[in-house]
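Reminder that position 16 of the first sequence reads as 15 in numbering that gives the first Met the number 0, one-by-one numbering, no gaps. The beta-carbon is built from N, C-alpha and C at its ideal position, and this holds for glycine as well. These notes concern the structure reproduced below.
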Amino acid sequence: MKMSKLFVQTLREFPSDAEVVSHKMLVRAGYIRKLTSGVYEYLPLMWRVLKKVENIIREEMDRAGAQELLLPFVQPKELWEESGRWEVYGKELMRLKDRHDREMCLGPTAEEVITAVARDGLKSYKQLPCNLYQIQSKFRDEVRPRYGLLRGREFIMKDAYSFDIDEEGLDKEYKNMADAYTRIFKRCGLETKMVQSDSGAIGGSVSHEFMVITTTDAGENDVFYCDSCDYSANSNHAVSKLPQADTDGSKFGFTEVKIVDTPNTKSIDELCEFLNIPSTIILKSLVYVVDKKYVLALIRADKQVEETKLMNAVGGIDIRIASEAEILDLMQKHCFNGKAGFVGPKGMTDITIIADETVKELKNFVVGINETDKHMVGANLDKDIPAITHFADIRLVEKDELCPQCGQPLKVTRGIEVGNIFKLGTKYSKPMNAVYLDKNGKAQPYVMGCYGIGVSRTAAAAVERYHDDNGMFLPVQIAPYHCVIVPVSTKDELQMSTAQKIYDELIKAGVEAVLDDRDERPGVKFKDADLIGFPYRITVGKTITEGNVEFKTRATGEIETIKPEQAIEKTIDLIKNSGVL
RNA sequence: CGGGAUGUAGCGCAGCUGGUAGCGCACCUCGCUUGGGACGAGGGGGUCGCACGUUCGAACCGUGUCAUCCCGACCA
Numbered sequence: 000m001k002m003s004k005l006f007v008q009t010l011r012e013f014p015s016d017a018e019v020v021s022h023k024m025l026v027r028a029g030y031i032r033k034l035t036s037g038v039y040e041y042l043p044l045m046w047r048v049l050k051k052v053e054n055i056i057r058e059e060m061d062r063a064g065a066q067e068l069l070l071p072f073v074q075p076k077e078l079w080e081e082s083g084r085w086e087v088y089g090k091e092l093m094r095l096k097d098r099h100d101r102e103m104c105l106g107p108t109a110e111e112v113i114t115a116v117a118r119d120g121l122k123s124y125k126q127l128p129c130n131l132y133q134i135q136s137k138f139r140d141e142v143r144p145r146y147g148l149l150r151g152r153e154f155i156m157k158d159a160y161s162f163d164i165d166e167e168g169l170d171k172e173y174k175n176m177a178d179a180y181t182r183i184f185k186r187c188g189l190e191t192k193m194v195q196s197d198s199g200a201i202g203g204s205v206s207h208e209f210m211v212i213t214t215t216d217a218g219e220n221d222v223f224y225c226d227s228c229d230y231s232a233n234s235n236h237a238v239s240k241l242p243q244a245d246t247d248g249s250k251f252g253f254t255e256v257k258i259v260d261t262p263n264t265k266s267i268d269e270l271c272e273f274l275n276i277p278s279t280i281i282l283k284s285l286v287y288v289v290d291k292k293y294v295l296a297l298i299r300a301d302k303q304v305e306e307t308k309l310m311n312a313v314g315g316i317d318i319r320i321a322s323e324a325e326i327l328d329l330m331q332k333h334c335f336n337g338k339a340g341f342v343g344p345k346g347m348t349d350i351t352i353i354a355d356e357t358v359k360e361l362k363n364f365v366v367g368i369n370e371t372d373k374h375m376v377g378a379n380l381d382k383d384i385p386a387i388t389h390f391a392d393i394r395l396v397e398k399d400e401l402c403p404q405c406g407q408p409l410k411v412t413r414g415i416e417v418g419n420i421f422k423l424g425t426k427y428s429k430p431m432n433a434v435y436l437d438k439n440g441k442a443q444p445y446v447m448g449c450y451g452i453g454v455s456r457t458a459a460a461a462v463e464r465y466h467d468d469n470g471m472f473l474p475v476q477i478a479p480y481h482c483v484i485v486p487v488s489t490k491d492e493l494q495m496s497t498a499q500k501i502y503d504e505l506i507k508a509g510v511e512a513v514l515d516d517r518d519e520r521p522g523v524k525f526k527d528a529d530l531i532g533f534p535y536r537i538t539v540g541k542t543i544t545e546g547n548v549e550f551k552t553r554a555t556g557e558i559e560t561i562k563p564e565q566a567i568e569k570t571i572d573l574i575k576n577s578g579v580l
């Protein structure tokens, strides 16, 4: 490819609306352009990267025994009603009507469609196990798209679905996919951590996420992990053991239950200060609204509630903390005069009350009683707290708490989720009546798994990982081109003819080379080469009169002076060694 | 959905005590230059997000609306 014809417009400045590195870099280097919020054009450079990532995925998925197909992007409402998700999915599902007023949606994922495909095509146990995948645009109408390709509304995803006769088969395929994913990300030049996670709206029991650990602020997930063993989990799923703490109020003089005045102690800190006690002997009561119904969450006051866990404990799909007005409303409904800050489980017998495991440890504790400026002290669970709906782990894990497996302190880091794997079980096959006939001729629902990789997000994550002040340097496996040849002066015939010769030889060898034939000053060409991130650069300048050219490795900045033939050979060797040729 | 901000040329921005639009980069032409985003001369490109209003006159003032971005909430 001649640089003069390459469809790319590099910008001298970063776009003003970009926040994270990958977004800034990709726009500035001419890889992508925003069409509208959360929707991007993949320009030729970006498309080459995406195709390379896709092909790595294809090779590894095929090797793992999966078969590729392509499913529709527009899906009918009826299918989503079968699975029950039409009601459940929420606003993220982009709904639309066709000219006949039939309701449709843009596919945010394809469990429904693939289950429909399977039930028509997989009738016998002899056909199982089966794993089908596609690489397709997806659309999710995110509340707030941001971070460029990392959280767009339209994005490219590889989604795979496995069908097995039983849990054992699913377990095997789950492991098979986990191994394939590890290979895929490694081939993309990315180190990933496989972490336990919440299974979210897609449902199912077990799930793991593949995280690219990042130092930039683009990582949207907190990952807790243990250096001493293999434990690691997304914060929405992490569990921990707590270090020893004072949880018995009798140590602080609360030996019998009574109600005390606690003026102006709206916050836990104020309450601690007023009573001169640690927060570990306080029972904190938080009002949430889950699926439009009030839920009371109880937890030891020094800990935070993890909302995803709480939502799962209640079995809800939408959760938010209640506003002060809603708390007042709740109080009034129960004939209390309290306000936010003095909430307690007292008298709340008609709403769901979920207590965190930490509550079990509390003795002679302090708790709100729904009366402003008053608390109960010396309270105990059975005696003083009415019916708790149930106990559950709803606690947000924090740094330096202890690993649930080995007891060492947990560490935390940020991660970009580039892939995930779920055990779905029969969550979709049962309601959609997707069955096969077993050996006895009896209909059985498939045991399913699903496995996603964010293709465009993976590419963006690679930019987050591989960049410097001058631009990006994607690994050669996924870089848009392998190398660029830069004649310093296009007017110099020897320089031009040598550059052309090197270019021709590389192309002949199958190297994806670009010849920068533009009549620009060298500085412009060097800046563009660095910004776009050609892994290798061969510069033909004045030293060609001595028979030398310059070979530069973008990632390391290393520069060598060598003969043109050596440059050709070296480039071909490097590309071959990277496994690309 | 709450809080904050911004919409003027492809990109980055100025103009906003009202008088009919400008700068840098990019783009086209000519000259000159060629090892890290040169220089000179000339040129093309914008109904100033949209609508209504105030005014003799609106990019500028007012109202509404749409869009975009940031923080929060939410999120396979």
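- Nearest C-alpha to M45 among D515, S455 and I543: S455.
- The straight-line gap separating the alpha-carbon atoms of I276 and A17 is approximately 47 Å.
- Your pair A117 and F162 checks out as a contact, with CB atoms roughly 5 Å apart and the cut at 8 Å.
- With respect to the 8 Å criterion, L505 and A512 are classified as neighbours on the basis of their beta carbons.
- The Cβ atoms of T114 and A433 sit closer than 8 Å to each other.
- The beta carbons of G218 and G414 sit closer together than 8 Å.
- DSSP places S161 in the uninterrupted beta strand (DSSP E) bounded by E153 to D163.
- Excluding five sequence positions before and after A391, the CB atoms of its chain that fall closer than 6 Å to its own CB belong to A312 and I353, given in chain order.
- CA-CA distance, E305 to T388, rounds to 18 Å.
- With a minimum length of 3 residues, the unbroken runs of beta strand (DSSP E) contained wholly in the segment 254-293 fall at 257-260 and 281-289.
- Non-local beta-carbon contacts of S284 in its own chain, meaning distances under 8 Å to residues more than five positions away in sequence, involve L295, A296, L297, V342, G343, P344, V366 and G367 in chain order.
- Within the same chain, and ignoring the five residues on either side of V539 in sequence, the residues whose Cβ sits closer than 6 Å to its Cβ are P486, Q494, T497, A498 and V548.
- In this structure, the CA atom of D572 is about 22 Å from the CA atom of D515.
- Residue L149 holds the alpha-carbon nearest to the alpha-carbon of V20 among T570, Q404, L149 and G440.
- Excluding its 5 nearest sequence neighbours in each direction, K1 has C-beta neighbours in its own chain below 7 Å: L514 and D516, listed in chain order.
- Cβ-Cβ distances below 6 Å link F472 to Y465, G532, R553 and A554 in the same chain, with the five nearest sequence neighbours on each side left out; the list follows chain order.
- Residues V485 and D515 of the same chain have their beta carbon placed closer than 6 Å to that of K524, with the five preceding and five following residues left out of the count.
- Inter-residue distance for N576 and Y502 is about 20 Å (C-alpha atoms, whole angstroms).
- Looking only at E463, M447, L530 and I574, the smallest Cα-Cα distance to V510 is reached by I574.
- When C-beta atoms of the segment 26-38 are compared with those of the segment 52-70, fewer than three pairs fall below 8 Å, so the two segments do not count as touching.
- If the five residues before and after T412 are omitted, its C-beta is found closer than 6 Å to the C-beta atoms of I212 and V222, all from its own chain and listed in chain order.
- Contact between the segment 188-198 and the segment 234-249 is present: 3 or more CB-CB pairs across the two stretches fall below 8 Å.
- Distance from the CA atom of R145 to the CA atom of G37, rounded to whole angstroms, is 7 Å.
- Between R139 and P107, the beta carbon gap of about 4 Å places them in contact (Cβ cut-off 8 Å).
- Burial check for R62: the Cβ neighbour count within 10 Å stays below 16, so the residue is exposed.
- Going by beta carbons, K338 and D260 fall outside the 8 Å limit.
- Here the alpha carbon of E568 sits roughly 13 Å from the alpha carbon of R536.
- Note that the C-beta distance between E111 and L78 is below 8 Å.
- Each residue's CA atom was taken as its position, placing E166 and G346 some 44 Å apart.
- By the Cβ-count criterion, Q74 is buried, with 16 or more other Cβ atoms from all chains shown falling within 10 Å of its own Cβ.
- L127 sits in coil when the DSSP states are folded into three classes, being neither helix nor strand.
- Assignment of P563 by DSSP, reduced to helix, strand and coil, places it in the helix class.
- In this structure, DSSP gives V396 a state outside helix and strand, which the three-state scheme calls coil.
- Pairing V289 with R84, the inter-Cα distance amounts to about 17 Å.
- DSSP, read as helix, strand or coil, puts Q404 in coil.
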